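Undergrad: Could you have a look at this structure, given as C-alpha cells, before my questions?
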Amino acid sequence: MQHEIKKAHPLLDEKGHLVEAGFTKGLLMDYDRKAIKASGFRIKEWDYYLIANNDFAVALTIADNSYMGLDSISLLDFRGEPWEHTNSPMCVMPMGKIGFPSSSDEGDVKHSSKHHSISFEKIGPARILKFSMDNFMDGKPISGEITLIQPPEIQSMVICTPYKEDPKAFYYNQKINCMPAHGIVNFGDEVYEFSDGSFGVLDWGRGVWTYKNTWYWGSASGAVDGIPFGFNIGYGFGDTSAASENMLFYNHKAHKLSQVTFNIPMKPKKYVTRGSCCSGSSGRQFDTCEMTEDYLKPWTFTSDDGRFEMDFVPIMDRASLTDVKLICSDQHQVFGRYSGTAILDDGTKIEIKDFLGFAEKVYNKW
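Structure representation (C-alpha cells):
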C-alpha cells in the first residue's frame, strides 16, 4: 500500500497524534512545534545538505535534538586514495532555541560558536549555504559558499510516519534531490569547485522519535543523458504500512516506488567455539560465529516490484561510533557508485552506470 495524502491540513491533531500517515510529493502538511504533546526532550529538528559530484562532496548539518545540538561539516574526496573528514561541534540543551523554520519553503537557519559558523538561507529558488571552521582538520581551516537552485516545478519525497509503540511519536521528513549546485570550498590551500555536474540534496526533518532506532537510507542525484535523475530509498523505523519513502526523480518529477531492500554483504565478526562451521576462516572450523556487515564489499538493492534493481560498489565508509551507554550512535554512510535499472511510473526504463551516491545503516539510541 502506498497512500498519497492529497489535502493540506495540520500535521498533528489536538492530542499530538499524526492526522494522516502517508506520502506526498511536496511539503503539504503544516508542522507546528507547539502542537507536539510529547516530552520536549524527544523533539528532533534538523536540516542536512549533501553536495556532490564525481570527484568530491561536502555535507552540512544543523540539528536541534532538544537536549543536544549538533553542527557538522564533512569534506569527502573520492579521487586517488579516497578520504573524508567530519568535524561536529555539539552544544547542550538547545531545546528549540536554534529556531528552525516550520517549512522548508521559506525561512533561514544558522548556528555558530567562536570557532565555526553554518547558515542556510532560502532566497526565492536559491538555497545559499555558508560555513566556516577555524580548525577543521590538522590545524587547517575550512570555509565555503554553495548555492543550490530549486526549480519551481521540482517534486520531492515527503513522508508522514507514525510509531505503533508511541502515538505521540512521528517522523515528518522531506528529501529534495537533484538541485544544481555551484560554489567554492576552501580547505587549507586546496580549492574545491562545485560547478556543472554538481548536485545537492536536502534532508529536512522534524519529529519525535522513540528511544532506539535503526534506519537504512540511500540517495543519489545526477544526470542521465543530460536530464536530472536521482532517487531516495530507505526504511527501518516507524510504522511504514501506509507508505514507504522510496521514490525516483526524473526531470524533477517524482515516481513512487514500493519496497526496496538493502542487501549488505556480511562477514564473520567473532568465532565462538571449535566444531564444524564458518567457512572462509583460514582452514579453521568452529561451531558458531557472529556475523556483521562488510560495508566495503559490493552491495545489491532489490525491489518487490522489480522497479529498482541496483549493484553498488563502495568507495569509502564514513563511519562514526559514539557509545556512552545511555546514548549510542553507530553510523555507516557508505559512498559509492550505483549501476542498474530504475523504472518510472509510465514504464520507462532508466539505466545508470557508476552513478555516484551513498547508502547507509545507522543505529541510534538517544
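Under this note's numbering, the first residue of the sequence shown is numbered 12, with each subsequent residue one higher.
Glycine included, every Cβ here is placed at the ideal spot set by N, Cα and C.
Note that the structure is predicted; figures quoted are calculated from it, not measured.
Name the residue from ARG217, THR313, PHE273 whose alpha carbon lies nearest to the alpha carbon of GLU56.
TA: Within the sequence shown, numbered from 1, the residue matching residue 56 stands at position 45. Closest option to GLU56, Cα to Cα, is ARG217.
Undergrad: Report back the beta-carbon spacing between PHE89 and ASP75 to the nearest angstrom; my notes put them in contact at under 8 Å.
TA: Counted from its first residue, the sequence shown places residue 89 at position 78. Counted from its first residue, the sequence shown places residue 75 at position 64. Not really, about 31 Å apart at Cβ, beyond 8 Å.
Undergrad: From the DSSP output, in three-state form, read off GLY51 for me.
TA: If you number the sequence shown from 1, residue 51 lands on position 40. Of the three classes helix, strand and coil, the one that applies to GLY51 here is helix, per DSSP.
Undergrad: Can you look up ARG329 in the DSSP assignment and give me helix, strand or coil?
TA: Taking the sequence shown and counting its residues from 1, the one referred to as residue 329 is at position 318. Residue state, collapsed to three classes: strand.
Undergrad: If you draw a straight line from the C-alpha of SER287 to the C-alpha of ASP315, how long is it?
TA: To locate residue 287, count along the sequence shown from 1; it is residue 276. To locate residue 315, count along the sequence shown from 1; it is residue 304. Residue placement at SER287 is flagged as unreliable, the pLDDT there being 48, under the threshold of 50; the coordinate-derived value follows with that caveat. Taking the straight line from one Cα to the other gives about 36 Å.
Undergrad: Give me the Cα-Cα distance between HIS266 and CYS189, rounded to the nearest whole angstrom.
TA: Translated into the one-based positions of the sequence shown, residue 266 becomes position 255. Translated into the one-based positions of the sequence shown, residue 189 becomes position 178. Approximately 14 Å between the Cα atoms of the pair.
Undergrad: CB ASN234 to CB PHE240, shorter than 8 Å?
TA: For the purposes of this step, residue 234 is taken as the residue at position 223 of the sequence shown. For the purposes of this step, residue 240 is taken as the residue at position 229 of the sequence shown. Before going further, note that residue 234 is Ala rather than Asn in the sequence given. Taking 8 Å as the Cβ cut-off, ALA234 and PHE240 qualify as a contacting pair.
Undergrad: Given that a residue counts as buried once 16 or more other Cβ atoms are within 10 Å of its Cβ, and exposed if not, what is MET40?
TA: Residue numbering aside, residue 40 sits at position 29 when the sequence shown is read from its first letter. Looking at its Cβ environment, which holds 16 or more other Cβ atoms inside 10 Å, MET40 is buried.
Undergrad: Does the CB of MET148 have a neighbour CB from chain C at under 8 Å?
TA: The chain inventory of the structure shown lacks chain C, comprising one protein chain alone.
Undergrad: To which residues of the same chain is LEU23 closer than 6 Å at the C-beta, ignoring the five residues directly before and after it?
TA: The residue you call residue 23 lines up with position 12 of the sequence shown. If we look at LEU23 and ignore the five residues flanking it on each side, its Cβ neighbours are ALA46.
Undergrad: With three or more C-beta pairs closer than 8 Å as the rule, is the segment 141-155 touching the segment 107-120?
TA: The segment 107-120 is not in contact with the segment 141-155.
Undergrad: CA-CA distance, ILE109 and HIS193?
TA: Counting from 1 along the sequence shown, the entry for residue 109 is found at position 98. Counting from 1 along the sequence shown, the entry for residue 193 is found at position 182. Going by the C-alpha atoms only, they are around 27 Å apart.
Undergrad: Could you check whether PRO178 and GLY249 sit closer than 8 Å to each other, using their CB atoms as the reference points?
TA: For the purposes of this step, residue 249 is taken as residue 238 along the sequence shown, with counting starting at 1. For the purposes of this step, residue 178 is taken as residue 167 along the sequence shown, with counting starting at 1. The answer is no: Cβ separation not under 8 Å.
Undergrad: Contact between the segment 15-30 and the segment 98-108: three or more CB pairs below 8 Å?
TA: Flag = no, the segment 15-30 and the segment 98-108 do not touch.
Undergrad: Can you tell me whether ILE231 is helix, strand or coil according to DSSP?
TA: As a first step, residue 231 is located in the sequence shown; it is residue number 220 there, counting from the start. As written in the sequence, residue 231 is Ala, which differs from the Ile given in the question. Strand at ALA231.
Undergrad: Under a Cβ-count criterion, where at least 16 other Cβ atoms within 10 Å of its own Cβ denotes burial, should ASP207 be classed as buried or exposed?
TA: Within the sequence shown, residue 207 is the residue found at index 196, counting from 1. With fewer than 16 Cβ atoms within 10 Å of its Cβ, ASP207 is classed as exposed.
Undergrad: Go through its chain and collect everything with a Cβ distance to GLU31's Cβ below 6 Å, but skip five positions before and after it.
TA: As a working note, residue 31 is residue 20 in the sequence shown. Taken in chain order, the residues that qualify are ILE16.
Undergrad: Are the beta-carbon atoms belonging to GLN127 and ASP82 less than 8 Å from one another?
TA: Within the sequence shown, numbered from 1, the residue matching residue 127 stands at position 116. Within the sequence shown, numbered from 1, the residue matching residue 82 stands at position 71. Sequence check: residue 127 is His here, not Gln. Yes, they are a contact pair.
Undergrad: Considering only the alpha carbon of each residue, which of GLN344, PRO93, GLU320, SER209 lies closest to LEU259?
TA: Translated into the one-based positions of the sequence shown, residue 259 becomes position 248. The shortest C-alpha separation from LEU259 is found at GLU320.
Undergrad: What's the call for SER209, buried or exposed, on a 16-neighbour Cβ count within 10 Å?
TA: Position 198 of the sequence shown, counted from the start, is the residue given in the question as residue 209. Burial call: buried.
Undergrad: In whole angstroms, what separates the C-alpha of ASP149 from that of GLY155?
TA: Within the sequence shown, the letter at position 138 stands for residue 149. Within the sequence shown, the letter at position 144 stands for residue 155. If I take the Cα positions, the gap works out to 18 Å.
Undergrad: So which of ARG138, TYR374, SER350 has the shortest CA-CA distance to PHE366?
TA: For the purposes of this step, residue 366 is taken as residue 355 along the sequence shown, with counting starting at 1. Here the closest residue by C-alpha is SER350.
Undergrad: Please work out which residues of its chain come closer than 6 Å, Cβ to Cβ, to PHE346, disregarding the five sequence neighbours upstream and downstream, and give them in chain order.
TA: The residue labelled residue 346 in the question sits at position 335 within the sequence shown. These residues qualify, in order along the chain: ILE326, MET327, PHE369.
Undergrad: Compare the C-alpha of ALA253 against each of VAL219, TYR203, ILE170 and name the closest.
TA: Mapped onto the sequence shown, residue 253 falls at position 242. The option with the nearest alpha carbon to ALA253 is ILE170.
Undergrad: By Cβ distance, which residues of its chain are closer than 6 Å to GLU204, with the 5 residues on each side in sequence left out?
TA: Your numbering for residue 204 matches position 193 in the sequence shown. If we look at GLU204 and ignore the five residues flanking it on each side, its Cβ neighbours are ILE195.
Undergrad: With DSSP run on the structure shown, which of helix, strand or coil describes ALA254?
TA: In the sequence shown, the residue the question calls residue 254 occupies position 243. ALA254 falls in the coil class under three-state DSSP.
Undergrad: One question on the structure: do TRP215 and ALA180 come within less than 8 Å of each other, judged by their Cβ atoms?
TA: Position 204 of the sequence shown, counted from the start, is the residue given in the question as residue 215. Position 169 of the sequence shown, counted from the start, is the residue given in the question as residue 180. The answer is no: Cβ separation not under 8 Å.
Undergrad: Could I get the ranges of all uninterrupted beta strand (DSSP E) runs contained in the segment 126-187, with 3 residues as the minimum, in chain order?
TA: 127-134, 137-148, 151-160, 168-174, all fully within the segment 126-187.
Undergrad: With respect to 7 Å, is the separation between the Cβ of GLY358 and the closest non-hydrogen atom of the ligand NAP below this value?
TA: Inclusion of the ligand NAP in the displayed structure is not the case, the ligand content being empty and no account of it being possible.
Undergrad: Would the beta-carbon of PHE131 fall within 8 Å of that of PHE198?
TA: Here residue 131 refers to the residue found at position 120 of the sequence shown. Here residue 198 refers to the residue found at position 187 of the sequence shown. No, these two residues do not count as a Cβ contact at 8 Å.
Undergrad: Sorted by chain position, which residues of the same chain lie with C-beta nearer than 6 Å to LYS376's C-beta, five sequence neighbours on each side aside?
TA: Against the sequence shown, residue 376 aligns to sequence position 365. Closer than 6 Å at the Cβ level, and outside the excluded window around LYS376, lie LYS223, CYS339.
Undergrad: Using the Cα positions of ALA68 and PRO93, report the straight-line distance between them to the nearest angstrom.
TA: Mapped onto the sequence shown, residue 68 falls at position 57. Mapped onto the sequence shown, residue 93 falls at position 82. If I take the Cα positions, the gap works out to 11 Å.
Undergrad: Are THR313 and ASP322 close, meaning C-beta to C-beta below 8 Å?
TA: Within the sequence shown, residue 313 is the residue found at index 302, counting from 1. Within the sequence shown, residue 322 is the residue found at index 311, counting from 1. No, the Cβ-Cβ distance between THR313 and ASP322 is not below 8 Å.
Undergrad: Of all the options ILE165, MET302, MET277, GLU362, which has the alpha carbon lying nearest to the alpha carbon of ASN262?
TA: Position 251 of the sequence shown, counted from the start, is the residue given in the question as residue 262. Nearest of ILE165, MET302, MET277, GLU362 to ASN262, Cα basis: ILE165.
Undergrad: Going by Cα to Cα distance, which pick from LEU86, SER167, LEU337, ALA137 is closest to VAL202?
TA: Position 191 of the sequence shown holds residue 202. If we check each option's Cα against that of VAL202, LEU86 comes out closest.
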